[in-house]
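Protein sequence lines, in the order shown, are assigned to chains A and B.
Just so you know, we're using this note's numbering here: the first sequence kicks off at 466 and counts up by one.
Just so you know, we're using this note's numbering here: the second sequence kicks off at 961 and counts up by one.
For reference, the structure discussed in these notes is given below.
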Amino acid sequence: MPRDIVIDPVTRIEGHSRITLHLDDLGNVTQAMFHVTQFRGFEKFCEGRPLAEMPSLMARTCGICPVSHLIAASKACDALLAVKIPRTAEMLRRVLNLGQIIQSHALSFFHLSSPDFLFGMDGDPARRNIMGVIAEHPQIARDGIRLRQIGQTIIELLAGKRIHPAWTVPGGVSEPLSAEKRDAIVLMLADGLDIARRTLLWFKKELYRFAEEVRVFGNFPTMFMGLVDASGALEHYDGYLRICDAQGRVVQDRFPPVRYREIIGEAVEPHSYMKFPYYRPAGYPQGIYRVGPLARLNVCDRCGTPLADQELAEFRQIQRGAVLSSFHYHYARLIEVLYAIERISEILDDPEILSDRVRARARPNELEGVGVSEAPRGTLIHHYTIDRDGLVTWGNLIIATGHNNLAMNRGVLQVAQRFVNGNKLEEGMLNRVEALIRCYDPCLSCASHAVGRMPLTVQLVGPDGKVLDELRR
Amino acid sequence: MSCGAEGPVLIIGFGNQLRGDDGAGPAAAERLEALLPADRVVVWSCHQLVPEMAEPVAGAAAVVFIDAAADSPPGEIRMREAAPVVDSSIITQTHGFDPGHLLGCAQYLFGRAPRAVLFSVGGEDFSIREGFSPTVAQAMDELVARVRQFVEGLLSAPGARA
């Protein structure tokens, strides 16, 4: 008798979602769906707003990564003004974006996923959460808190506040950086570097314990997409789109982000409010690709900072071609934290960083603008059109998490088929399904930030609606 | 209760100011900031409690939390002691990360949980809106006055940092 398993809500992610697993008569998983059950509507209600409001308005999309939206929106507005922002403003935006990546990656790795690493996928759920980490692994908890604090403090020092800052504006940033604030940021970086290095060391040693998860957690051939700079190095603020295939071969290079619609299509499925972007030349759904830390490390030629490049070289020993297992998003996230700290240090060392020339002013000069940057979870695209009065007439956002939608759905199926026995549910089975989703660190809008045990009920329901089995936690 | 460390008294008003009465804590904190000596009292107005607050909490002389309560009669102001908690089984999400958990973090990670109290005001309208219900709006003056009186008592207690 065919049955369904529903995981609702999915825990320790940002946002609201549900997973449905369809079983056959023998209790084998035959189909899996990751549903995003929340509806936001930002693209619609920005219509009619003045372009100058867009960065602040779009930052409200998310409480975890407002900075990412702020930056992509500001870049789209730069295009509408048709200005080249001052070099110092660009450097400051870069630091802000990297601060965001540090705090967001720390949240994902330490607060949301480290309980799985420390207590095991089958560990007691009463301990397998952030409070368990605090009680039993205080040094790791302290490191996570400190690293996130460093990222947040960088954002606060630059932009005035940690959440929903409005410092990045069309044409640049609203205020220059003071020497005092620069020094305060520099002072924290050594601590951050120590934490990043020792966490990488620890995590690499732990990976052997998760060999089976590495094997089946979203481990399949896809393409990967991310920004690289003109030399092919890792890039988070600007540059070109690069897409490589599962063998690591570049299939699209130096592609101008402004032309994203030539290569990215967006499909819609009835079971989810989140769209399904795909690589247009390959069609849907064959055009599956992944973005985010794993993708960025797969597409770039090098990081461009000394310690991160050493780690990247070791990371690439995992397999020939692209690193395919989504479990390695965690590993890639740590390398990016290391990179971000090194890169911020380099940028703050620039003699022009304290310049007060940080904003180009202009009236709207173009009717269409695209802004693309790398958010912690992947490539973020903001695209607006305006009328002659500078009022927004249309907006399109492709959120980092959306690019991974096809891969998350496919990964859920892979993990469920390996671990879930529909005849007898166990908590550890379902935690693995959720853990697969956590690899991607999806940000489904930050409406809920689950760090512990959310109420979770999983039911096996027969076609007649009768509950055949139930698991609660 | 007296101040037990060299740090400042920390006031943390928390809640969602876009959910009606839930914003009472941050609003009260913002008003208190102008009423208390800045060199001895640090005031935070925030959306929710998070683990990153644990270190400054551990270093505070005392902590005063201000929150809206869904389980008290509307407008009723209550004060109770808050103690460290490390029972993860009762956390459901970060929105459920309460003063006890924050104090527990401070105790476990930074070696000290200061004495703490929670002031709450019963709310009646937590719908998506800015501003308070008439009952809570009327209670705000009293809430601010009681927290102020309490903190001034802490600051003047024997042994408090001058």
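Beta carbons are placed, not taken as given, at the ideal position from N, Cα and C, and that holds for glycine.
(request) Take the Cβ of B/ILE1088 as the centre, count every other Cβ of all protein chains shown within 10 Å, and call the residue buried at 16 or more, exposed below. (result) Numbered from its first residue, the second sequence carries residue 1088 of chain B at position 128. Per the 10 Å Cβ criterion, exposed.
(message) So, at 7 Å on beta carbons, what are the nonlocal neighbours of B/ARG1072 in its own chain, with the 5 sequence-adjacent residues on each side left out?
(response) By 1-based counting over the second sequence, the position of residue 1072 of chain B is 112. So the qualifying residues of the chain are ALA1018 and ALA1066.
(request) Using a Cβ cut-off of 8 Å, pull out every chain B residue sitting near A/ILE599, in sequence order please. (result) As a first step, residue 599 of chain A must be located in the first sequence, where it is residue number 134. In chain order: PRO1011, VAL1046, GLY1064, CYS1065, TYR1068 and LEU1069.
(message) Please report the straight-line C-alpha distance between B/LEU1070 and B/GLU1112, rounded to a whole angstrom.
(response) The residue you call residue 1070 of chain B lines up with position 110 of the second sequence. The residue you call residue 1112 of chain B lines up with position 152 of the second sequence. First, the residue type needs correcting, since residue 1070 of chain B is Phe and not Leu in the sequence shown. B/PHE1070 and B/GLU1112: Cα-Cα distance of roughly 27 Å.
(request) Report yes or no: do the stretch 599-608 of chain A and the stretch 545-561 of chain A share at least 3 C-beta pairs separated by less than 8 Å? (result) no
(message) I'd like to know whether the C-beta atoms of A/ALA524 and A/HIS847 end up nearer to each other than 8 Å.
(response) To locate residue 524 of chain A, count along the first sequence from 1; it is residue 59. To locate residue 847 of chain A, count along the first sequence from 1; it is residue 382. Cβ atoms of A/ALA524 and A/HIS847: not closer than 8 Å.
(request) Please compile the residues from chain A whose C-beta is within a distance smaller than 7 Å of the C-beta of B/ALA1014. (result) By one-based count along the second sequence, residue 1014 of chain B stands at place 54. Those within 7 Å of B/ALA1014 in chain A are ILE610.
(request) Pull up the distance between the alpha-carbon of A/PHE507 and that of A/ILE863, whole angstroms please. (result) On the first sequence, residue 507 of chain A is found 42 positions in, with the first residue counted as 1. On the first sequence, residue 863 of chain A is found 398 positions in, with the first residue counted as 1. Roughly 11 Å separates the two Cα atoms.
(request) Use the C-beta contact count for A/ASP979: other C-beta atoms within 10 angstroms, 16 or more gives buried, fewer gives exposed. (result) For residue 979 of chain A there is no data in the structure shown, the boundaries of chain A being 466 and 938.
(message) Am I right that A/ILE550 and A/GLY625 are in contact with their C-beta atoms under 8 Å? What's the rounded C-beta distance?
(response) Taking the first sequence and counting its residues from 1, the one referred to as residue 550 of chain A is at position 85. Taking the first sequence and counting its residues from 1, the one referred to as residue 625 of chain A is at position 160. At roughly 19 Å, the Cβ-Cβ gap does not stay under 8 Å, so A/ILE550 and A/GLY625 are not in contact.
(request) To the nearest angstrom, report how far apart B/ALA1097 and B/LEU992 are at their CA atoms. (result) Position 137 of the second sequence, counted from the start, is the residue given in the question as residue 1097 of chain B. Position 32 of the second sequence, counted from the start, is the residue given in the question as residue 992 of chain B. Approximately 16 Å, taken between the alpha carbons.
(request) Go ahead and label A/GLY704 buried or exposed: buried means 16 or more other beta carbons lie within 10 angstroms of its beta carbon, across all protein chains shown. (result) Along the first sequence, read from residue 1 onward, the residue named residue 704 of chain A stands at position 239. So A/GLY704 ends up on the buried side.
(message) Any heavy atom of the ligand GDP closer than 7 Å to the beta-carbon of A/PHE741?
(response) Absence of the ligand GDP is noted for the structure shown, with no ligands found whatsoever.
(message) Using a Cβ-Cβ distance cut-off of 8 Å, determine whether A/ALA523 contacts chain B.
(response) Here residue 523 of chain A is taken as the residue at index 58 of the first sequence, counted from 1. Sequence check: residue 523 of chain A is Met here, not Ala. Output row for A/MET523: interface = no.
(message) Just to confirm my understanding: we take B/ASP1085, look at its own chain, exclude 5 residues before and 5 after, and list those with CB closer than 6 Å. What are they?
(response) Working through the second sequence from its first residue, we reach residue 1085 of chain B at position 125. Once the five neighbours on either side are set aside, the close Cβ partners of B/ASP1085 are GLY980, ASP981 and SER1093.
(request) Locate the alpha helix (DSSP H) running through A/HIS570, then write down its first and last residues. (result) Along the first sequence, one-based indexing puts residue 570 of chain A at 105. Where A/HIS570 is concerned, the enclosing alpha helix (DSSP H) stretches over 552-571.
(message) Can you list, in chain order, the residues of its chain with a C-beta nearer than 7 Å to that of A/SER578? Leave out the 5 residues immediately preceding and following it.
(response) Here residue 578 of chain A is taken as the residue at index 113 of the first sequence, counted from 1. Around A/SER578: HIS795 and ARG903.
(message) Taking the beta carbon of A/LEU652 as the centre, do at least 16 other beta carbons fall within 10 Å, making it buried, or is it exposed?
(response) For this step, residue 652 of chain A is matched to residue 187 along the first sequence. When all chains shown are included, A/LEU652 counts as exposed.
(message) Within 8 Å, do at least three Cβ pairs link the stretch 515-522 of chain A to the stretch 849-867 of chain A?
(response) yes
(request) Can you pull the chain B residues whose beta carbon is under 7 Å from the beta carbon of A/PRO603, in chain order? (result) To locate residue 603 of chain A, count along the first sequence from 1; it is residue 138. The contacting residues are TYR1068 and LEU1069.
(request) With distances taken Cα to Cα, identify the nearest neighbour of A/GLU833 among A/LEU583, A/ARG724 and A/GLN614. (result) Taking the first sequence and counting its residues from 1, the one referred to as residue 833 of chain A is at position 368. Among A/LEU583, A/ARG724 and A/GLN614, the Cα nearest to that of A/GLU833 is on A/ARG724.
(message) Along the chain, where does the beta strand (DSSP E) containing B/ARG1038 start, and where does it finish?
(response) Here the question's residue 1038 of chain B lines up with position 78 in the second sequence. Element bounds for B/ARG1038: 1037-1042.
(request) Spell out the partners DSSP gives B/LEU970 in its beta bridges. (result) On the second sequence, residue 970 of chain B is found 10 positions in, with the first residue counted as 1. DSSP, once it has assigned bridges, lists B/VAL1002 and B/VAL1023 as partnering B/LEU970.
(request) List the residues of chain B whose Cβ lies closer than 7 Å to the Cβ of A/ALA606, in chain order. (result) On the first sequence, position 141 is the one that residue 606 of chain A refers to. Those within 7 Å of A/ALA606 in chain B are LEU1069.
(message) Suppose contacts are defined by Cβ-Cβ distances below 8 Å. Is A/MET873 in contact with A/ALA760 by that definition?
(response) Residue mapping note: residue 873 of chain A aligns to position 408 of the first sequence, counting from 1. Residue mapping note: residue 760 of chain A aligns to position 295 of the first sequence, counting from 1. Cβ atoms of A/MET873 and A/ALA760: not closer than 8 Å.
(request) Provide the residue span of the alpha helix (DSSP H) that contains A/PHE582, from first to last. (result) Taking the first residue of the first sequence as 1, we reach residue 582 of chain A at position 117. Counting along the chain, the alpha helix (DSSP H) containing A/PHE582 begins and ends at 579-584.
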